[in-house]
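The sequence shown begins at 1 in UniProt numbering and counts up by one.
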Amino acid sequence: MPSLIVKLYSVFFKYHQKTLLHNLSQPSAANNTNPFGITSRPHESIAASNPLFNDGVATKDIHIDPFSSLSLRIFLPETVISSSAARNRDLPTYGGYSPSFGEFNRKLPVMLQFHGGGFVSGSNESVSNDAFCRRLAKLCDVIVVAVGYRLAPESKYPAAFEDGVKVLNWLAKQANLADCRRLGVQNRMYDSFGASMLEPWLAAHGDPSRCVLLGASSGANIADYVAQKAIEAGKLLDPVKVVAQVLMYPFFIGSTPTRSEIKLANSYFYDKGMSKLAWKLFLPEEQFNLNHPAANPLHPGRQLPLKYMPPTLIVVAEHDFMRDRAVVYSEELRKVNVDAPLLDYKDAVHEFATYDVLLQTNEAKACAEDISIWVKKYVSLRGLEFSY
1 MPSLIVKLYS VFFKYHQKTL LHNLSQPSAA NNTNPFGITS RPHESIAASN PLFNDGVATK
61 DIHIDPFSSL SLRIFLPETV ISSSAARNRD LPTYGGYSPS FGEFNRKLPV MLQFHGGGFV
121 SGSNESVSND AFCRRLAKLC DVIVVAVGYR LAPESKYPAA FEDGVKVLNW LAKQANLADC
181 RRLGVQNRMY DSFGASMLEP WLAAHGDPSR CVLLGASSGA NIADYVAQKA IEAGKLLDPV
241 KVVAQVLMYP FFIGSTPTRS EIKLANSYFY DKGMSKLAWK LFLPEEQFNL NHPAANPLHP
301 GRQLPLKYMP PTLIVVAEHD FMRDRAVVYS EELRKVNVDA PLLDYKDAVH EFATYDVLLQ
361 TNEAKACAED ISIWVKKYVS LRGLEFSY
């Protein structure tokens, strides 16, 4: 059984989240659509970015779309540099780490991370997500790009999913701009804000040919959708290649209840009633259906065959009512020879590895380490592979 602390925090979380869902369901809020959107709620505790390697990871925030609130937080591990002088470089015009393009720069895989929150809350800049992404950057030795997608109901489906695809295309654009810079034409290229379009950390240290998608809860649904769109795009995304994805306790649901949805309907943190309400806020009223492609990856009208999906690691928790659908998804992927291992954590609850008060538990730390071992199997350079 979960610990007493987990049970108490679950009661607090449910009260707070149900209040939020109820308030967002009011006509005045539910009808307040906003194409520009928001990426965070006022109640979220936000961690400030820090472009210096004070704790082994430097971070920065960027806004990549002038027509929406879509934003990113980049987590750069200090393993990209070797000298202490470079680590503490502090330029007057920036005040943080700035790579030198005249030197050899170590390249790292890029991980796109999508936070949870039932599509209606959470933030890529929250204290809990910041700590989780720092842990991933260190353990996996990757550049983590945390996506601040637009939240519902201000921006309903498919806004969050489109934001995920837009970031993948932006990553491809960055790789091509980095090539342009090497040809000496970057100084004449600017974006809609009048600033240079090239993101220096990714240009110097990112290797988009080793791209991993990771999503937690509702973020896992977005990651799975982005993976499908990457496969459909094929070489149009070059040089970006999605080599693997990690789905942590995905926010799957369907019209026919599973055993866990019946037995654990009132489970810890997100229960079935809260989940349904979140889906009502996220999906347009005329599209509301628990078998919607965004909600059920095995819906009857699925177009992309499962055999084309990338290697997929799926994380589930014993006391999560959504677990059965994730388990079945893993089984179906394995049936068509997709590498899709399942990590099932005993006595764990939904988002046990990403909630703020649970981040320091042994289960959360073990989960991050398990993910890093599997991810390195697909992002390590030839000759340095890890077995799992």
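For each residue, glycine too, the CB sits at the ideal point set by N, CA and C.
Since we're looking at a predicted model, the values are computed, not measured.
DSSP state of residue i, grouped into three classes?
i, result
"L359", "coil"
"N88", "A caution first: N88 carries a pLDDT of 49, below 50, which makes its placement in the model too unreliable to give a value."
"T19", "helix"
"K241", "coil"
"K107", "coil"
"I253", "coil"
"Y270", "coil"
"S209", "strand"
"Y345", "strand"
"T79", "helix"
"A340", "coil"
"L306", "helix"
"A195", "Low per-residue confidence applies at A195: pLDDT is 45, beneath 50, and the placement is therefore not dependable enough to give any value."
"L381", "coil"
"I373", "helix"
"N289", "coil"
"A230", "helix"
"F13", "helix"
"S3", "coil"
"A368", "helix"
"D224", "helix"
"N34", "coil"
"D179", "helix"
"K156", "coil"
"N296", "coil"
"E162", "helix"
"F282", "helix"
"L52", "coil"
"Q174", "helix"
"G219", "helix"
Give me the Cβ distance between residue i and residue j, rounded to the nearest whole Å; I'm assuming they're in contact under 8 Å.
i, j, result
"Y157", "L283", "5 Å"
"residue 401", "R302", "Because the chain here runs from 1 to 388, residue 401 falls outside it and cannot be looked at."
"L267", "H350", "What sits at residue 267 in the sequence shown is Ser, not Leu. Confirmed, about 7 Å."
"L21", "M274", "6 Å"
"S123", "L281", "The pair is not a contact, with the Cβ atoms about 17 Å apart (cut-off 8 Å)."
"L151", "G37", "7 Å"
"D141", "T79", "6 Å"
"residue 389", "D224", "Nothing in the structure corresponds to residue 389, since the chain is present only between 1 and 388."
"Q228", "L298", "So it is not a contact: roughly 13 Å between Cβ atoms."
"S372", "L139", "4 Å"
"L343", "T312", "So it is not a contact: roughly 12 Å between Cβ atoms."
"G118", "Y270", "7 Å"
"P109", "R210", "4 Å"
"Y345", "E363", "6 Å"
Pull up the DSSP beta-bridge partners for residue i, would you.
i, result
"G148", "S71"
"Q113", "A146 and L214"
"A58", "L76"
"V246", "L214 and L313"
"Q46", "Note that residue 46 corresponds to Ile in the displayed sequence, not to Gln. For I46, which the question treats as bridged, DSSP gives the partners S126."
"H63", "S71"
Could you check where the alpha helix (DSSP H) with residue i kicks off and where it finishes?
i, result
"H205", "P200 to H205"
"A120", "Here the sequence assigns Val to residue 120, which means Ala is not the residue at that position. From DSSP, V120 is part of no alpha helix (DSSP H); its letter is neither H nor E."
"A137", "V127 to C140"
"Y97", "Where Y97 is concerned, there is no enclosing alpha helix (DSSP H), given that its DSSP letter is neither H nor E."
"I262", "R259 to K263"
"A353", "Taken as a continuous stretch (DSSP letters only), A353 belongs to no alpha helix (DSSP H), as it is neither H nor E."
"R41", "Taken as a continuous stretch (DSSP letters only), R41 belongs to no alpha helix (DSSP H), as it is neither H nor E."
"Y329", "R323 to K335"
Examine the ligand ZN and report whether any of its heavy atoms sits within less than 7 Å of the Cβ of residue i.
i, result
"F53", "The ligand ZN is absent from the structure shown, which contains no ligands of any kind."
* Asked: So does the region 154 to 172 actually touch the region 132 to 140, counting three or more Cβ pairs closer than 8 Å?
  -> no
* Pairing CB atoms from the region 119 to 132 with CB atoms from the region 356 to 369, are three or more of them under 8 Å? -> yes
* **Segment contact flag, the region 99 to 116 with the region 334 to 349, C-beta cutoff 8 Å, min 3 pairs** => no
* To do: Inspect the CB distances between the region 242 to 251 and the region 321 to 340 and report whether three or more fall short of 8 Å.
  => yes
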